[in-house]
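Taking this note's numbering, the leading residue of the sequence shown gets 13, the next gets one more, and so forth. C-beta atoms are modelled at their ideal positions from N, C-alpha and C, and glycine is treated no differently. Below is one structure; the comments refer to it alone.
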Amino acid sequence: MIYFTTNVSHAAGDGGTESYVTLPIAARLNSVRLCPNVAVTANDTNYITVSVVDNGATDIFSQDTTIASGSLVAGTPITVTIATAADVDFAAGEVIKLRVADSASGVNCTFTVVYEFAPARSV
13 MIYFTTNVSH AAGDGGTESY VTLPIAARLN SVRLCPNVAV TANDTNYITV
63 SVVDNGATDI FSQDTTIASG SLVAGTPITV TIATAADVDF AAGEVIKLRV
113 ADSASGVNCT FTVVYEFAPA RSV
């Protein structure tokens with residue numbers, strides 16, 4: 013397995029914050045672990061949407077902090093379910109993106125992100 017770790021810090025009102033990981037080798041995404049470093053209270057007006065995006069701009073994962081989706085608890089990882097439409101096979105040099113986007117004035121938040129990849133197999 014290959015692991016990449018990144019931290020993302022987003023300020024309320026920034027509109028959107030992005031973090032990128034460029035793969036040095038061809039690999040298949042096995043999982044993403046997102047852990048909020050601060051609590052985020054659910055709100056239907058001022059909230060964030062966190063998404064992980066593949067090269068084709070398809071969401072691998074997306075979650076917001078509306079009341080229906082719930083609050084984020086500091087130190088408690090978010091359960092990430094990889095979307096079935098996502099392209100999880102990456103060639104060397106391809107990029108995976110984490111995006112935090114505001115709705116209205118948004119909220120302050122920080123995340124630790126761990127990506128787990130398996131090296132691509134030769135055929």
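Measure from the alpha carbon of Thr-88 to the alpha carbon of each residue in Asn-49, Ile-94, Leu-110, Lys-109, then state which is nearest.
Asn-49
Per the DSSP calculation, Ile-108 is bridged to which residue(s)?
Val-33
Could you spell out the range, first to last residue, of the beta strand (DSSP E) harbouring Thr-70?
Neither: Thr-70 is in no beta strand (DSSP E) and is coded neither H nor E.
Out of Val-119, Thr-124, Phe-16, Asp-71, which one is the CA nearest neighbour of Ala-39?
Phe-16
Reduced DSSP secondary structure (H/G/I, E/B, other) of Ala-113
strand
The beta strand (DSSP E) that contains Arg-11, what's its start and end?
Beyond the ends of the chain as shown, which are 13 and 135, falls residue 11; an answer cannot be given.
Could you name the residues of the same chain whose beta carbon sits closer than 8 Å to that of Val-5, not counting the 5 residues immediately before and after it, in chain order?
What the structure shows of the chain is the stretch from 13 to 135, and residue 5 is not part of that stretch, so it cannot be assessed.
Using a 10 Å radius around the Cβ and a threshold of 16 neighbouring Cβ atoms, would you call Asp-4 buried or exposed?
Residue numbering for the chain in the displayed model covers 13 to 135; residue 4 lies beyond these limits and cannot be assessed.
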